[in-house]
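J.: Residue numbers (the numbering used here): 743 to 861. Below is the structure I would like to discuss, written out as structure tokens.
The following block contains the structure:
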């Protein structure tokens, strides 16, 4: 439910859906989107959706530790290897934090939340 809300939100904000729940050995990509708003011809965006019912232990982005980032980067590399049409695209990793009621969550979009070389 939360991923569907995040997908709809990103689409309303100009991103185009490429894949949802792309599973690879050792990792999953919640959303893969395309952001055509840049001057560079567009950016492939790997989106991690993180839901927290409360922020007592930090927001959703705080839960993406180094090991999770490595898994996301690895899954993104596998995605690119399987989808050669995006092999030369600029890429970024975004996070959509969600909290509150999962049926109607509050969303906070963090663009460029981390870099592949940070993982």
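Note that beta-carbon positions come from the ideal geometry of N, C-alpha and C, so glycine has one too.
Going along the chain, which residues of its own chain have a beta-carbon closer than 7 Å to the beta-carbon of residue 813, five neighbours each way excluded?
T.: Hits under 7 Å: 768 and 769.
J.: For residue 757, which of 853, 809, 829 and 811 has the nearest alpha-carbon?
T.: The option with the nearest alpha carbon to residue 757 is 853.
J.: Which one of 759, 765 and 860 has the shortest CA to CA distance from residue 778?
T.: That would be 759, whose Cα lies nearest to the Cα of residue 778.
J.: In whole angstroms, give me the CA-to-CA distance for residue 795 and residue 849.
T.: For residue 795 and residue 849, the distance between alpha carbons rounds to 12 Å.
J.: For residue 791 versus residue 744, is the C-beta distance shorter than 8 Å?
T.: Yes, the pair counts as a contact, with Cβ atoms nearer than the cut-off.
J.: Please report how far the alpha carbon of residue 746 lies from the alpha carbon of residue 789, in whole angstroms.
T.: Cα-Cα distance, rounded: 12 Å.
J.: I'd like the list of long-range same chain contacts for residue 828, defined as Cβ closer than 7 Å, with 5 residues on each side in sequence excluded.
T.: Closer than 7 Å at the Cβ level, and outside the excluded window around residue 828, lie 786 and 822.
J.: Considering only the alpha carbon of each residue, which of 857, 755, 748 and 750 lies closest to residue 810?
T.: Comparing Cα-Cα distances from residue 810 to each of 857, 755, 748 and 750, the minimum goes to 857.
J.: Extract the residue ranges of the alpha helix (DSSP H) inside the stretch 760 to 831, only unbroken runs of 4 or more that lie entirely within it.
T.: Runs found: 808 to 824.
J.: Mapping the DSSP letters down to three states, classify residue 843 as helix, strand or coil.
T.: If DSSP states are grouped into helix, strand and coil, residue 843 belongs with coil.
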